[in-house]
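Per numbering that gives the first Met the number 0, residue 0 is the first one in the sequence shown, and the count goes up by one each step. Data block below; observations after.
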Amino acid sequence: MYLLYSLVTLAALVALSPYFLYQALRHHKYVGSLKQRLGYLPVSFNLDGDASIWVHAVSVGEVLAARPLLAELRGRYPRLRLFLSATTRAGYELARRSVGEVDDVFYFPFDWAFTVRRTLDVVKPRLFVMIETEIWPHLLRECRRRGVPTLLVNGRISYRSFPRYRLVRPFFRRVLADVDRFCVQGEEAARRLAGLGADPSRVTVTGSLKFDALESVPPGRGRQRVLRFFRLSPNRPVLMAGSTMKGEEAAVIRAFNRLRNRAAAGASPLLVVAPRQPERFAEVERLCRQEGLSTIRRTELAIDAEPRADAVVLDTIGELAEVYQIATVVFVGGSLVPLGGHNILEPAVFGKPIVFGPHMQNFAEIVDTFLANDAAVQVRSERDLDDAIVGLMGDPVRRARVGAAASALIDANRGAKEKTMAVVAALVPPETREHSAVVRPFRVIH
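Here's what the structure looks like:
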């Protein structure tokens, strides 16, 4: 089965190679990361062969979710090095720039036996931690052979992945047997894992780390710096569209143009659009201009000044969560198109009224909780989106009520970090204080 899996993944890589080549030439993706993806880490990466904890986060969302866990791991296991890997360039760059708890960051290797062995030989983990849905057969199998405990945290099995996994349930059951413990976000994730063959005694419902991650961003000037590019007049309404996908921006712009037509004199609204995929920044900018909006990119804004445009395209990585503070109403993308939705917690922590579409299956339990508490608005179509946004913009009392309910839910649901760390401690007992003194290597955070 593992040989067949290797052949299938190799065939998929070959079939997709024209796409990867195009992305490399057009967007400079994958070029600088290939050596690390093949398991060749720099000699200086772990020169002394120290034992470590290896945490893997796919992209930006998982890196952000990992922050509170990384801080706890650093504090409780000071004698172990702490490494973070990412799959996407956006996740890697965010980790390099803003995660100071780790000793180093690298690209996750291709899941072939020879590549993961090379990586494990250098990283030398005493614990391997996967964030959310990262289940890689060869890596888990090799960890089992080496006696390295493995842990899935903040786990979930999406509605789209579950049927595909069930098609290969006999193989997937063997893969899951190589995972020592599962910390999952909710009961539905626990049921799906059990349905795929995971031992229920190894599954613990901890809740979502993303609730705890919302309080892990350090305060101070760095946190607020991006807001200096949005010095807005107090009466200027702001519609924010976060993590949008292809096919959603046009609907948001139509709603925004209705707002512009209804706006009172001197209260010209602002649209801020944050495409989920960096390679779509230029495409979304062109679309805004085609729809008659004067448009500027966030990287072109003057500091300590109000944007003199109808629309701003947020063409940066890692700033969206902070920019939500300026919003009057927030639309969370990936939800009008059938992609399963994106994180609604980041705007909720600021008490913002949130609107999203019908396709929120990737966050089903969180969404159900928000809707049951009237802490968000779900729409079923583009027309409904238009009406919901315009309605909220014109009703400050309802905006305040929905936003306050969202903020209250954030406060009520924190605590996944402590539950997760209890499972970590069962796999790797923490060090006692009298033996924990160690000098950590210095690393510059760019």
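For every residue, glycine included, the Cβ atom is placed at its ideal position computed from N, Cα and C.
- Residue Phe107 holds the alpha-carbon nearest to the alpha-carbon of Leu40 among Thr298, Val423, Phe107 and Pro169.
- In the DSSP annotation of this structure, the continuous segment of the alpha helix (DSSP H) that includes Met392 starts and ends at Glu381 to Met392.
- Considering only Pro268, Ala387 and Phe369, the residue with the shortest C-alpha distance to Ala250 is Ala387.
- In this model, Arg230 and Pro306 are separated by some 8 Å (Cα to Cα).
- For the options Arg172, Ala254 and Asp303, the alpha carbon positioned closest to that of Cys287 is the one of Ala254.
- Per DSSP, Tyr91 is one residue of the alpha helix (DSSP H) stretching across Arg88 to Ser97.
- Per DSSP, Met244 is not a residue of any alpha helix (DSSP H), being assigned neither H nor E.
- The three-state reading of DSSP puts Gln377 in strand, counting E and B together.
- Assignment of alpha helix (DSSP H) within the stretch 320-357, counting only whole runs of 4 or more residues, yields 344-347 in chain order.
- By a beta-carbon distance limit of 8 Å, Val62 contacts Leu93. Their separation comes to about 5 Å.
- Taking a cut-off of 8 Å for Cβ pairs, the stretch 329-344 and the stretch 281-295 do not touch, as fewer than three such pairs fall below it.
- Between Val322 and Met239, the C-beta gap is smaller than 8 Å, which places the two residues in contact.
- Bridge pairing for Met129: His55 and Leu151 [DSSP].
- In this structure, Asp211 places its C-beta atom within 8 Å of the C-beta atom of Pro67.
- Cβ-Cβ distances below 8 Å link Tyr76 to Ile52, Val427, Pro429 and Glu430 in the same chain, with the five nearest sequence neighbours on each side left out; the list follows chain order.
- A straight-line Cα-Cα distance of about 49 Å links Pro357 and Gly48.
- Beta-bridge annotation (DSSP): Ala273 is paired with Gly241.
- Residues of the same chain with a CB within less than 7 Å of the CB of Leu119, apart from the 5 flanking positions on each side, are Glu141 and Arg145 in chain order.
- The bridge partners DSSP lists for Val423 come to none.
- The residue from Arg168, Asp179, Leu344 and Leu33 with its alpha-carbon nearest to that of Gly196 is Arg168.
- The Cβ atoms of Arg235 and Pro268 lie closer than 8 Å to each other.
- Setting aside the 5 residues that flank it on each side, Ala424 is surrounded in the same chain by Arg75, each with a C-beta closer than 8 Å to its C-beta; the list follows chain order.
- With contacts defined as CB atoms closer than 8 Å, Ala374 and Ala405 qualify as a contacting pair.
- Here Pro124 carries a strand assignment [DSSP, helix/strand/coil].
- Ile409 sits in a helix when the DSSP states are folded into three classes.
- In the three-state reduction of the DSSP assignment, Leu231 falls in the coil class.
- Counting the other CB atoms within 10 Å of its CB gives Ser232 a total below 16, which places it among the exposed residues.
- For Ala212, the enclosing alpha helix (DSSP H) starts and ends at Leu208 to Ala212.
- The DSSP-derived three-state label of Val312 is strand.
- Buried is the label assigned to Glu247, since at least 16 other Cβ atoms lie within 10 Å of its Cβ.
- Assigned with DSSP and collapsed to three states, Arg180 falls in strand.
- At the C-beta level, Val354 and Val376 come within 8 Å of one another.
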